[in-house]
Amino acid sequence: MSSIKLYPERHIQKYSTNLYPLVITANVAMVLDVIINHSPLSFLTFSLTTLGTAVIIWRRELDGLLNFCTKLNRRYKFTTPALTMLGTFSLLDALSTPAKAQFFQNAQTWMTSNFTGAGQAIPLVFNVLRGLFLIYLGISLVKVIQSARQDEDWQNLARTPMIILIAVTMGDILANLIIGSGGTTG
109 MSSIKLYPER HIQKYSTNLY PLVITANVAM VLDVIINHSP LSFLTFSLTT
159 LGTAVIIWRR ELDGLLNFCT KLNRRYKFTT PALTMLGTFS LLDALSTPAK
209 AQFFQNAQTW MTSNFTGAGQ AIPLVFNVLR GLFLIYLGIS LVKVIQSARQ
259 DEDWQNLART PMIILIAVTM GDILANLIIG SGGTTG
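This is the structure in structure tokens:
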């Protein structure tokens, strides 16, 4: 019985040079996620990314193990339930963590503490602004991806959302410079 070849040699040589920067970027992103979030999903994602990196780097040495996993998967069909459980765990972990608003959080805290008679109006205004910003970025991202898939000029479509993202970020930085740490003025 012949072994199953997962990676043809010409495929490895063609894409290996373009793959390493992406793998390094993914690993750096996962390390930052573990540092920032400290959730079980962050550690699981980091370990899966590290395992994937090891498989990509040492694919020739691990060819026998990969062939064994392929045969095992064809026989017992464990991939779908495993991925379903991983997706369910990821969704539950994402839904259980509190939202940590970044844009204009200090400005909202400062306004709430200094204008106590406003009640829920100030958080409502800031949350509506954040929601509109996210909806705009989501719609723009869909348009950029769609035009890139249709081989159109996607750079011009991506320029405006990037300018708005930079403007909002600069506005948040300037607001923090003006109000300080977000506490009361005394």
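If you read the sequence shown in my numbering, its first letter stands for residue 109, the second for the next number, and so on. Ideal Cβ positions, reconstructed from N, Cα and C, are used throughout, including at glycine.
Presumed contact (8 Å Cβ cut-off) between residue i and residue j, rounded CB distance
i: Ala215; j: Ala283; result: 5 Å
i: Trp218; j: Ile281; result: Actually they are not in contact, since the Cβ atoms of Trp218 and Ile281 sit about 15 Å apart, beyond 8 Å.
i: Val163; j: Leu170; result: 6 Å
i: Leu273; j: Leu245; result: 7 Å
i: Val250; j: Ala266; result: Not quite, the Cβ-Cβ distance comes to about 12 Å (not below 8 Å), so this is no contact.
i: Asp201; j: Pro148; result: 6 Å
Member of the options whose CA lies at the smallest distance from the CA of residue i
i: Ile132; options: Ser198, Pro148, Gln258 and Gly160; result: Gly160
i: Leu199; options: Thr220, Gly227 and Ser150; result: Ser150
i: Leu285; options: Phe212, Lys185 and Pro129; result: Phe212
i: Ser248; options: Gln263, Val236 and Asn235; result: Gln263
i: Leu237; options: Arg168, Leu173, Val276 and Arg182; result: Val276
i: Pro269; options: Leu240, Gln258, Arg257 and Glu260; result: Leu240
i: Gly279; options: Leu180, Val136, Gln228 and Gln210; result: Gln210
As assigned by DSSP and simplified to three states, the class of residue i
i: Gly288; result: coil
i: Phe186; result: coil
i: Trp218; result: helix
i: Phe234; result: helix
i: Gly246; result: helix
i: Gly195; result: helix
i: Gly227; result: coil
i: Gln210; result: coil
i: Leu152; result: helix
i: Gln263; result: helix
i: Arg257; result: helix
i: Leu282; result: helix
i: Leu170; result: coil
Per-residue burial, residue i [other beta carbons within 10 Å of its own, 16 or more giving buried]
i: Met138; result: buried
i: Thr192; result: exposed
i: Thr153; result: buried
i: Phe234; result: buried
i: Gly225; result: exposed
i: Ile230; result: buried
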